[in-house]
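Worksheet: one structure, shown below.
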DNA sequence: GATTAATGCGAATATTTATTCGCGTTCAAT
DNA sequence: ATTGAACGCGAATAAATATTCGCATTAATC
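Chains as they are written, first to last, in our numbering: chain A, 47 to 260; chain B, 47 to 260.
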């Protein structure tokens, strides 16, 4: 950021600019935004924009950062349970609680991607030209922690060695399958089917053998 | 295409332009290509370019089309086996052949994404601004046919009802996990680990119960 | 209320880039 | 060889857009 806003009105303007960026991204696509559009939408002039942001990219970065924080918080608010259903329902396999958690996270993901007029959708689509690392780190770290706690509390047959690999695969599989599904116009499958399928795949993969021999 | 090339030299030029497009995409990224760059790389003038292509987009479309055909052919050449190992090795589960096939396809995918200086990688990254449907259809159709034949020959416990959903999920999961892995600079995981993990996940999902009750 | 720093403005600038068009060249058919 | 069609050229055009800078306005400080 070129200069720091010291007065209230400038701080408001910075906020307005970031929100305007969000609006422009949903309306014009990430490639379609222009500094003039953003400034106009925010109700300020282009010149003012450059007083607090080095360039267009910096604006988008600020937006991504803001959204990353929001997602991080929302994830923490998810009522995930840290134990299997075994103890309370006596299921044969200790995966009932796991399945519930996975399902909940996937539905959370769908809700997110469908919210804000497709803002998240557009940003994930363009992940390769954005500072995605931070966001993916947040997601993967969240899932890592959750999985670790989960598998510790319910000591599985074997503690999974390659958990980070599994989390990487799962996080990307789920996220991009959802994005591809939503972005696909022809509705040959329902969102419920996809959710169910993803859940089954993920739970199966996470419950699988810790070390597969080839 | 604005005009059809009727003489040999113009047909050669069209080819050269498409190849030049490929080269520019790898060198400058899909967003970085310009008509001038492409023309220069192809050794022709910008004017000539517009005699056979309506615009820049048409050039990229032609490239994608060409690559789609190449992939389609290469896929057909893959030595996939259409039966389990049961009959010959007497395995407990009839998934040994399946695992081999899945593994082969995933390695094929990695080879593809690593080939041509990342051309495919760049194109998949930008799938949202490309005519991706045709390519994805080819992939999914191939997998559909393969799976159907496979599961028919080795009549599983239940014929899988929601096969198209599973194929959709698997195709996108595998493809984008690979792309994300390759595009990620920090090498915390080996390509073998990813391949192994993806294979395990896919085989597990495909071998799972046909209808999961909730 | 005077002074200074912070803020805000937007026309002007500079650059990039897609696309066109008139003219010269090459090819193919007779 | 002649003629017409196909081809190829690239300077010129037009439009979009990121970024700057000198000046006007507002807030904070004394």
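For each residue, glycine too, the CB sits at the ideal point set by N, CA and C.
Through-space distance from residue j to residue i, alpha-carbon basis
i, j, result
"residue 54 of chain A", "residue 60 of chain A", "10 Å"
"residue 220 of chain A", "residue 69 of chain B", "32 Å"
"residue 98 of chain A", "residue 255 of chain A", "53 Å"
"residue 241 of chain B", "residue 211 of chain A", "10 Å"
"residue 122 of chain A", "residue 198 of chain A", "19 Å"
"residue 191 of chain B", "residue 173 of chain B", "24 Å"
"residue 91 of chain A", "residue 85 of chain A", "5 Å"
"residue 124 of chain A", "residue 188 of chain A", "11 Å"
"residue 145 of chain B", "residue 245 of chain A", "21 Å"
"residue 104 of chain A", "residue 48 of chain A", "10 Å"
"residue 57 of chain B", "residue 87 of chain B", "17 Å"
"residue 148 of chain A", "residue 65 of chain A", "31 Å"
"residue 218 of chain A", "residue 208 of chain A", "16 Å"
"residue 76 of chain A", "residue 126 of chain A", "33 Å"
"residue 138 of chain B", "residue 230 of chain A", "With a pLDDT of only 47 at residue 138 of chain B, under the threshold of 50, the placement of this residue in the model should not be trusted; the figure read from the coordinates follows. If you take the alpha carbons of residue 138 of chain B and residue 230 of chain A, they lie about 40 Å apart."
"residue 169 of chain B", "residue 163 of chain B", "12 Å"
"residue 179 of chain B", "residue 161 of chain B", "22 Å"
"residue 81 of chain A", "residue 100 of chain A", "12 Å"
"residue 250 of chain B", "residue 252 of chain A", "10 Å"
"residue 73 of chain A", "residue 79 of chain A", "9 Å"
"residue 194 of chain A", "residue 63 of chain A", "40 Å"
"residue 67 of chain A", "residue 50 of chain A", "19 Å"
"residue 89 of chain B", "residue 236 of chain A", "49 Å"
"residue 233 of chain B", "residue 213 of chain A", "15 Å"
"residue 171 of chain B", "residue 171 of chain A", "8 Å"
"residue 52 of chain B", "residue 102 of chain B", "21 Å"
"residue 83 of chain A", "residue 143 of chain B", "56 Å"
Nearest-angstrom beta carbon gap, residue j and residue i [assumed within contact, 8 Å]
i, j, result
"residue 110 of chain B", "residue 176 of chain B", "6 Å"
"residue 206 of chain A", "residue 223 of chain B", "So it is not a contact: roughly 18 Å between Cβ atoms."
"residue 165 of chain B", "residue 71 of chain B", "6 Å"
"residue 167 of chain A", "residue 228 of chain A", "6 Å"
"residue 196 of chain B", "residue 128 of chain B", "6 Å"
"residue 247 of chain A", "residue 182 of chain B", "Incorrect: roughly 19 Å between the Cβ atoms, too far for contact."
Cβ of residue i within 8 Å of any chain A Cβ
i, result
"residue 122 of chain B", "no"
"residue 191 of chain B", "no"
"residue 235 of chain B", "yes"
"residue 240 of chain B", "yes"
"residue 82 of chain B", "no"
"residue 251 of chain B", "yes"
"residue 229 of chain B", "yes"
"residue 55 of chain B", "no"
"residue 214 of chain B", "yes"
"residue 155 of chain B", "no"
"residue 197 of chain B", "no"
"residue 59 of chain B", "no"
"residue 87 of chain B", "no"
"residue 247 of chain B", "yes"
"residue 254 of chain B", "yes"
"residue 72 of chain B", "no"
"residue 162 of chain B", "no"
"residue 99 of chain B", "no"
Chain B contact for residue i (CB, 8 Å cutoff)
i, result
"residue 65 of chain A", "no"
"residue 226 of chain A", "yes"
"residue 218 of chain A", "yes"
"residue 244 of chain A", "yes"
"residue 208 of chain A", "yes"
"residue 188 of chain A", "no"
"residue 150 of chain A", "no"
"residue 180 of chain A", "no"
Continuous alpha helix (DSSP H) stretch holding residue i: start and end
i, result
"residue 117 of chain B", "102 to 123"
"residue 241 of chain B", "237 to 253"
"residue 57 of chain A", "54 to 74"
"residue 228 of chain B", "209 to 229"
"residue 171 of chain A", "165 to 171"
"residue 190 of chain A", "178 to 199"
"residue 86 of chain B", "81 to 88"
"residue 78 of chain A", "Unbroken run through residue 78 of chain A: none, as it is neither H nor E."
"residue 95 of chain A", "92 to 98"
Original post:
Are three or more beta carbon pairs between the stretch 81 to 98 of chain A and the stretch 116 to 126 of chain A nearer than 8 Å?
Top reply: Flag = no, the stretch 81 to 98 of chain A and the stretch 116 to 126 of chain A do not touch.
**OP:** Determine, using beta-carbon pairs with one atom in the stretch 228 to 243 of chain A and one in the stretch 152 to 160 of chain A, whether at least three such pairs fall under 8 Å.
**Re:** Contact between the stretch 228 to 243 of chain A and the stretch 152 to 160 of chain A is present: 3 or more CB-CB pairs across the two stretches fall below 8 Å.
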